[in-house]
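S.K.:
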Amino acid sequence: VAEQKRQGYFTIVLASRVSRKGAEAYVRQLNGEGYRDVSIEGAGTTIKVVYGKFDSKEKAQKCLRQLTDRQEFADCWVKFID
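Numbering (the working numbering), first residue to last: 861 to 942.
1. For Y869 and V909, I'd like the C-alpha separation in whole angstroms.
2. Would you mind reading off the limits of the beta strand (DSSP E) that contains V898?
3. Using the C-alpha atoms, what's the distance from R896 back to A885?
4. Using a 10 Å radius around the Cβ and a threshold of 16 neighbouring Cβ atoms, would you call E903 buried or exposed?
5. Mind checking whether T871 and A920 have CB atoms under 9 angstroms apart?
6. Bridge partners for V941 per DSSP, in chain order?
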């Protein structure tokens, strides 16, 4: 029997616990700066602005290392979304 592949993906959290309006504005700002793979995850008080969908933690961490060259992304982290 083949091992069941885990559903979900890894992503980079750029902002958390923000309002929907604030998240939408941040996504628009980042899109304007050329970041296309930005989206909003969650609802209510758990809204996050995330970047990318990666099939492994290592790939997400590699991308995160490139992002953290920018000061505004210094506090970002990798999270698994299922």
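Every residue gets a Cβ at the ideal spot worked out from N, C-alpha and C, and that includes glycine.
M.R.: Straight from the coordinates:
1. 15 angstroms
2. V898 to E901
3. 14 angstroms
4. Per the sequence presented here, residue 903 reads as Ala, with Glu not at that position. Burial call: exposed.
5. yes
6. Reading off the sequence, residue 941 comes out as Ile, not Val. Note: I941 sits in a beta bridge opposite Y869.
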